[in-house]
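Comments concern the structure below.
Protein chains in written order, with my numbering: chain A, 187 to 361; chain B, 133 to 267.
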């Protein structure tokens, strides 16, 4: 056997060590991205949950102008933190539709009275079925929908103040 | 005084659970009437990842979302859909991450092929050492 072959196990060890160290040092990314980004919204139809506000169906998205689809719930604390940003987006002329996950009418009415109501439509998603069908794994999440009803982006977690200009720019670009 | 009060107060403090007030979906914790279909659904549930607990299957998890996913699996299986098709539906939404039974692709190829390669190397090494013994 040639002498350099002796080093092969050692090299393999170094390689393994490098891979493991890299994996340990890299901060864990536990967000689950939706695989539906880039695809049209799946078909769904949800009843309304707040009196006087229409429910939400996938037909509402085609054809139209680019819009936001907010997945939220009255029992979700980050959704309260996100509310002022959604109001600011609405003020900027953005149409926001929503899916309320596992929610009740009284709880939702209280939430909207307290935190503002930026929504054009709210669908009642009591078994998270629409949430599951668009690949969302938590609340709040916000999907950017283009004029053809295609999902162009998924924002995971609450929308912060510095996310707003970016979202506005992307919606404008999708026109 | 403080020492006795603190544990008591901690017992009183309600944990801030991020859960809704709605009861679980109808089929989340109820088996299907047809045992054959229920068996199919169960086998599938054990191979699907709970998205909010991440180390558990949806069959093992108490999370609300896992309950809703169990309901979804049971509904679709009860409607005659095959477990493979339900799995594909979820993979199309959440990626391969959602299944504990990863399909063969160039990303998972090392996972499936490494054992075979290792066995091959082992056999080669063993052959070498047996030869030496004969001498």
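All C-beta atoms, glycine included, are put in the ideal place defined by N, C-alpha and C.
Quantities reported herein were computed from a predicted structural model and do not represent experimental measurements.
Pull the bridge partners of residue i from the DSSP assignment, please.
{"i": "residue 252 of chain B", "result": "According to DSSP, residue 252 of chain B bridges with nothing at all."}
{"i": "residue 226 of chain A", "result": "A/336"}
{"i": "residue 232 of chain B", "result": "DSSP output for residue 232 of chain B lists no bridge partner at all."}
{"i": "residue 305 of chain A", "result": "A/282"}
{"i": "residue 243 of chain A", "result": "A/231"}
{"i": "residue 205 of chain B", "result": "Residue 205 of chain B is not bridged to any residue."}
{"i": "residue 328 of chain A", "result": "A/256 and A/341"}
{"i": "residue 189 of chain B", "result": "B/181"}
{"i": "residue 287 of chain A", "result": "A/311"}
Determine the contact status of residue i and residue j, defining contact as a CB-CB distance below 8 Å.
{"i": "residue 221 of chain A", "j": "residue 321 of chain A", "result": "yes"}
{"i": "residue 172 of chain B", "j": "residue 215 of chain B", "result": "yes"}
{"i": "residue 215 of chain A", "j": "residue 246 of chain A", "result": "no"}
{"i": "residue 159 of chain B", "j": "residue 219 of chain B", "result": "no"}
{"i": "residue 252 of chain A", "j": "residue 333 of chain A", "result": "yes"}
{"i": "residue 330 of chain A", "j": "residue 354 of chain A", "result": "no"}
{"i": "residue 303 of chain A", "j": "residue 232 of chain A", "result": "no"}
{"i": "residue 337 of chain A", "j": "residue 191 of chain A", "result": "no"}
{"i": "residue 323 of chain A", "j": "residue 226 of chain B", "result": "yes"}
{"i": "residue 189 of chain B", "j": "residue 232 of chain B", "result": "yes"}
{"i": "residue 135 of chain A", "j": "residue 254 of chain A", "result": "Lying before the first or after the last residue shown, residue 135 of chain A is absent from chain A, which here runs from 187 to 361."}
{"i": "residue 197 of chain B", "j": "residue 314 of chain A", "result": "yes"}
My understanding is that residue i touches residue j, with C-beta atoms under 8 Å, so please give their C-beta distance in whole angstroms.
{"i": "residue 243 of chain B", "j": "residue 235 of chain B", "result": "11 Å between Cβ atoms; not a contact."}
{"i": "residue 309 of chain A", "j": "residue 285 of chain A", "result": "5 Å"}
{"i": "residue 339 of chain A", "j": "residue 223 of chain A", "result": "6 Å"}
{"i": "residue 222 of chain B", "j": "residue 180 of chain B", "result": "7 Å"}
{"i": "residue 88 of chain B", "j": "residue 157 of chain B", "result": "The requested residue 88 of chain B is not part of the displayed model; chain B covers only 133 to 267."}
{"i": "residue 248 of chain A", "j": "residue 335 of chain A", "result": "4 Å"}
{"i": "residue 138 of chain A", "j": "residue 153 of chain B", "result": "Residue coverage of chain A in this structure runs from 187 to 361, which leaves residue 138 of chain A outside it and unanswerable."}
Nearest to residue i by alpha carbon, out of the options?
{"i": "residue 305 of chain A", "options": "A/294, A/214 and A/248", "result": "A/294"}
{"i": "residue 184 of chain B", "options": "A/218, A/225 and A/243", "result": "A/218"}
{"i": "residue 241 of chain A", "options": "A/287, A/300 and A/361", "result": "A/287"}
{"i": "residue 151 of chain B", "options": "A/225, A/307, A/290 and A/334", "result": "A/290"}
{"i": "residue 263 of chain A", "options": "A/359, A/361 and A/345", "result": "A/345"}
{"i": "residue 155 of chain B", "options": "B/167, B/182 and B/195", "result": "B/195"}
{"i": "residue 167 of chain B", "options": "B/262, B/245 and B/206", "result": "B/206"}
{"i": "residue 297 of chain A", "options": "A/266, A/281, A/278 and A/277", "result": "A/266"}
{"i": "residue 163 of chain B", "options": "B/182, B/186, B/263 and B/210", "result": "B/210"}
{"i": "residue 165 of chain A", "options": "B/224, B/245 and B/213", "result": "Lying before the first or after the last residue shown, residue 165 of chain A is absent from chain A, which here runs from 187 to 361."}
{"i": "residue 361 of chain A", "options": "A/292, A/280, A/300 and A/301", "result": "A/280"}
List, in order along the chain, the chain E residues whose C-beta lies closer than 7 Å to that of residue i?
{"i": "residue 227 of chain B", "result": "Judged by its chain identifiers, the structure shown contains no chain E, and its protein chains are A and B."}
| said: Would the stretch 229-241 of chain A count as touching the stretch 262-274 of chain A if we require 3 or more Cβ pairs under 8 Å? | reply: no
| field | Three-pair Cβ contact test at 8 Å for the stretch 193-208 of chain B versus the stretch 310-320 of chain A | value | yes
| query | Is the number of C-beta pairs between the stretch 343-354 of chain A and the stretch 254-261 of chain B that are closer than 8 Å three or more? | reply | no
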